[in-house]
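Peer 1: As numbered in mature numbering (1 follows the signal peptide of the UniProt record, and there is no 0), residues -20 to -1, 1 to 352 make up the sequence shown, in order.
Idealized CB from N, CA, C, for every residue including glycine.
Before we start, here is the structure in question, set down as structure tokens.
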Amino acid sequence: MIKWCFFLLAGLCMPFSASALVHVGGDYFLKGSEKVSDDVYVIGETSAITGTVNGDVTSLAPFIVSEGDISADVLLLGSQVTLGGTVGDDARLVGQTVILNGVVFDDVVAIGTKVVLSKGASIKGNLYIVGGNVSIEGEVLGDVRVFAQKATVSGTIGGTVESWGSFEIMKDATITGDLVYHADQELIVPDRTHIGGTIIFADTHSESILEANSTMFGGFFALYTLMVLTLSFFLFFFMRERTEEVLLEVLPRFGARLVRGILIVVVGPILIGILVGSVIGLPIALIALCLYVIMLIFGSAISAIIVGAAFERYALKRSVFPLSYRPVVIGTLALSLLGTLPFIGFLLHLILLCVSVGGIGTVVYHRVREFR
């Protein structure tokens, strides 16, 4: 049964662009003397890059180390993520432990239970962090936004710093702009610390949502986001065309796909329960149950992509197609943050899940008709 479900998914998978370097499975190493003149996509156990890449780098692996020179964007998703070397554009890092040692010439987004910007590291743009334990020891020329259980700054910030959660600034740290911190108690600024702007303290005792959910950022938020990002990028890498078909079904017909999705989500378990009651229907019920669960799992990932695609189309006024990694990252982060809202977050997740299932069901129905 599992084999047939695998073949069903594999049949829907689409190949990568022929011009990109793609490595799937096992370990991948790009040596220092090697050079890739296009994008690099890695899915495996270990991803280690010390060479030169003239394009984007996207890695999905438990252990990721990038110490090479990358001319464009970097997207790293794993358990242990280390980024050194140089990055010519943006860097987006998600992992249990995220360490940045190198130079990034634009913005950085980092999500993890532990996030460290090491001494000697430099970010020429802005820094955005969501995490548990955050340490900023290096240089950031732009602004810093931190949403963490505990954040410590001992480096140099060229812009404004705004933080949510426990915040500590060490001696010899420099903040050129304002410091705005949302915390339970006022900050003690040590001697030999330079803050060029205004210090603004916002007491979080009056911010009930943050107070109710602060413990979540010890690990659950990053773990949930990583799981959804992993599924979303599986769809982006292997089933991009099918994902675009689902978006084409959902975006212009949101209400209709919502109704269809509710019917599938509600009626599916009822039909499976009826089939389980007979000897002949039991194998069919098991296969249907497996497919039903797979649809729900992938539906949760497509929900995030729908949010990102809607943001691209209606807020940024950009075309969603061909699908890029931006809606995946933006949608996952936005949906994860919205999910922290009591009741509203759960309701939004449920609605988007039903819409996604409705879109998937419609695409599958069209494919079945083509094979007939």
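Cys(-8) by DSSP, collapsed to three states: which one?
Peer 2: Its pLDDT being 39, under 50, Cys(-8) is placed unreliably in this model, and the value from its coordinates should be taken loosely. DSSP places Cys(-8) in coil when its eight states are reduced to three.
Peer 1: Any idea what DSSP makes of Thr173, helix, strand or coil?
Peer 2: Residue state, collapsed to three classes: coil.
Peer 1: Phe85 lies in the alpha helix (DSSP H); which residues open and close that run?
Peer 2: Per DSSP, Phe85 belongs to no alpha helix (DSSP H) and is neither H nor E.
Peer 1: Quick check on Arg298: does DSSP put it in helix, strand or coil?
Peer 2: Correct three-state label for Arg298: coil.
Peer 1: Using DSSP with H/G/I as helix, E/B as strand and the rest coil, what is Thr312?
Peer 2: The answer is helix: DSSP assigns Thr312 an H, G or I state.
Peer 1: With Phe43 as the anchor, note down where its beta strand (DSSP E) starts and where it stops.
Peer 2: Looking at the DSSP string, the run of the beta strand (DSSP E) that includes Phe43 is Phe43 to Ser46.
Peer 1: What are the boundary residues of the beta strand (DSSP E) that Ile267 is part of?
Peer 2: Element bounds for Ile267: not the beta strand (DSSP E) but the alpha helix (DSSP H), Gly261 to Ala290.
Peer 1: Evaluate the contact criterion for the segment 304 to 314 versus the segment 325 to 335: three or more CB pairs, one atom per stretch, below 8 Å.
Peer 2: Contact fails: fewer than three Cβ-Cβ distances are below 8 Å.
Peer 1: Considering only their Cβ atoms, is the gap separating Ala90 from Ile109 smaller than 7 Å?
Peer 2: Result yes, Cβ atoms of Ile109 and Ala90 sit closer than 7 Å.
Peer 1: At which residue ranges does the segment 127 to 166 contain complete beta strand (DSSP E) runs of 3 or more residues, listed in the order of the chain?
Peer 2: Listed in chain order, the complete beta strand (DSSP E) runs (minimum 3 residues) inside the segment 127 to 166 are 141 to 149 and 159 to 163.
Peer 1: So, is Gly92 buried or exposed, given that buried needs 16 or more other C-beta atoms within 10 angstroms?
Peer 2: Buried.
Peer 1: Identify every run of the beta strand (DSSP E) within the segment 49 to 88, keeping only runs that are complete inside it and at least 3 residues long; order them along the chain.
Peer 2: Entirely contained in the segment 49 to 88, the beta strand (DSSP E) runs reaching 3 residues are, in chain order, 54 to 57, 60 to 63 and 71 to 80.
Peer 1: Take every Cβ of the segment 287 to 298, pair it with every Cβ of the segment 262 to 271, and state whether three or more of those distances are shorter than 8 Å.
Peer 2: Not touching, per the Cβ criterion.
Peer 1: Could you check how far apart the C-beta atoms of Val226 and Ile340 are, in whole angstroms? I think they sit under 8 Å.
Peer 2: Sure, about 6 Å apart at Cβ, within 8 Å.
Peer 1: Report the option in Gln60, Leu80, Asp87 and Asn81 whose CA atom is closest to the CA atom of Asp69.
Peer 2: The candidate whose alpha carbon is nearest that of Asp69 is Asp87.
Peer 1: Distance check for Arg349 and Phe197, CA to CA, integer angstroms please.
Peer 2: With a pLDDT of only 46 at Phe197, under 50, the local geometry of the prediction cannot be trusted, and the value read off the model is given with reservation. Spanning the two alpha carbons is a distance of roughly 46 Å.
Peer 1: What does DSSP give as the partner residues of Tyr108 in its beta bridges?
Peer 2: The partner list for Tyr108 (beta bridge, DSSP) reads Val89 and Arg125.
Peer 1: Less than 7 Å between the C-beta atoms of Ser318 and Leu209, yes or no?
Peer 2: Residue 318 is actually Leu in this sequence, not Ser. Not a contact, by the Cβ cut-off of 7 Å.
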